[in-house]
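K.L.:
Residue numbers (my numbering): -10 to 144. Every residue, glycine too, gets a C-beta built ideally from N, C-alpha and C. Quick one: the structure is below, questions incoming.
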């Protein structure tokens, strides 16, 4: 197996699934509005979700950099990351993107991104997470298996 082919085979960038949920939500809201009452409270709630996104995503990406492995799923994994947010969830970047999607819905004052988050999470699990997990099992074997027994996939 060459280094180029040693990857999970995930070719559609995972963050784009979440961006599509927001974009399609905006388009659906134009045709079939599902408004969230815009208020200072929804803006504050959106801000908390953004803070949650940053609090999870930034340390997650930093852990990958410190481990000298790529977060991009079309590149080979050089190491497993067990520290930081990875102690609590095997997919903190995807959890953080879900928080950012909720924040976008709140800031845009529409329920559509939140409604579309449910199928987005299902798609991400099927076309991103499961292939990544199969790859990591093949690449790291028992070390990854032990990790999956200790830490949940989502939360």
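Which class does residue 78 belong to by DSSP, given the choice of helix, strand or coil?
P.N.:
Coil.
K.L.:
Closer than 8 Å is the cut-off here; do at least three beta carbon pairs connect the region 41 to 58 with the region 101 to 112?
P.N.:
No, because fewer than three Cβ pairs between the region 41 to 58 and the region 101 to 112 fall closer than 8 Å, the two stretches do not touch.
K.L.:
Identify, in the order they occur along the chain, each residue of the same chain with its Cβ nearer than 6 Å to the Cβ of residue 94, setting aside the five sequence neighbours on each side.
P.N.:
Taken in chain order, the residues that qualify are 102 and 103.
K.L.:
Counting only runs that start and end within the region 29 to 100, where is the alpha helix (DSSP H) found for 4 or more residues in a row?
P.N.:
Listed in chain order, they are 29 to 55 and 81 to 97.
K.L.:
DSSP on residue -3, reduced to helix/strand/coil?
P.N.:
Correct three-state label for residue -3: coil.
K.L.:
Got a sec? Which residues, its chain only, sit under 6 Å from residue 129 by beta carbon, not counting five neighbours each side?
P.N.:
So the qualifying residues of the chain are 69.
K.L.:
With a Cβ-Cβ cutoff of 8 Å, do residue 140 and residue 92 count as a contact?
P.N.:
Not a contact, by the Cβ cut-off of 8 Å.
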